[in-house]
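In this note's numbering, the protein residues as written are 192 to 346. Backbone N, C-alpha and C fix where the C-beta goes; we use that ideal spot for every residue, glycine too. Treat the numbers as computed from the prediction; the structure is a model and nothing was measured. To start, the structure under review is shown below, and the notes come after it.
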């Protein structure tokens with residue numbers, strides 16, 4: 192049996208060691224939970240045809256910039272045509288950039304615009320269906336050649 196006076200003297204030392212290990216563990220866990228915010232995604236999106244993961248937040252940032260500036264031509268340039276759009280309970284086929292620009296206010300509703308502008312660049316959902324732009328699943332982008340392009344819009 193251990194000497195009781197020896198146990199008392201080791202108690203504070205053991206407690207300090209345990210607290211040090213706990214603090215180190217918390218710091219490591221916080222570091223593992225850190226998310227890149229500089230458009231340098233570290234994920235692997237090759238399963239959906241995206242070879243460069245940084246392309247995803249860069250695309251969303253460019254789309255946000257164009258929407259914030261109400262730059263219809265820039266947004267239209269980020270679309271894959273023909274585009275099927277569900278707007279106001281109606282299905283529309285948008286044949287080209289000119290058609291998109293002419294129907295822009297009908298396609299890019301206030302709700303869709305606000306949702307995309309609120310999309311955090313460090314929390315973008317990607318699955319085998321593509322890149323969900325915004326949090327409500329109404330806008331999706333897919334690789335089209337070397338670039339991401341909007342492939343689905345539904346209000």
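Quick check on the burial criterion: 16 or more other C-beta atoms within 10 angstroms. Buried or exposed for residue i?
i           : result
residue 279 : exposed
residue 323 : buried
residue 320 : exposed
residue 248 : buried
residue 342 : buried
residue 308 : exposed
residue 238 : exposed
residue 325 : buried
residue 301 : exposed
residue 220 : Any reading at residue 220 must be qualified, since the residue scores a pLDDT of 44, below 50, and its modelled position is unreliable; the value itself is stated next. With fewer than 16 other Cβ atoms within 10 Å, it is exposed.
residue 263 : buried
Hey, out of the options, whose CA is closest to residue i's CA?
i           : options               : result
residue 292 : 257, 332 and 324      : 257
residue 352 : 304, 274, 261 and 234 : Lying outside 192 to 346, the shown extent of the chain, residue 352 is not represented and no answer is given.
residue 276 : 295, 261, 264 and 268 : 295
residue 306 : 297, 329 and 318      : 329
residue 251 : 331, 272 and 242      : 331
residue 282 : 242, 236 and 297      : 297
Would you kindly report the start and end of the unbroken beta strand (DSSP E) that includes residue i?
i           : result
residue 306 : Residue 306 -> not in any beta strand (DSSP E); alpha helix (DSSP H) instead, spanning 301-308.
residue 298 : Unbroken run through residue 298 is the alpha helix (DSSP H), 295-298; no beta strand (DSSP E).
residue 318 : 316-318
residue 332 : 330-335
residue 322 : 321-323
If residue i sits next to residue j, beta carbons under 8 Å apart, how far is it from one beta carbon to the other, in whole angstroms?
i           : j           : result
residue 299 : residue 270 : At roughly 11 Å, the Cβ-Cβ gap does not stay under 8 Å, so residue 299 and residue 270 are not in contact.
residue 246 : residue 339 : 6 Å
residue 285 : residue 346 : Wrong, their Cβ atoms sit about 14 Å apart, outside the cutoff.
residue 272 : residue 287 : 5 Å
Assuming residue i is part of the alpha helix (DSSP H), what are its boundary residues?
i           : result
residue 248 : 246-259
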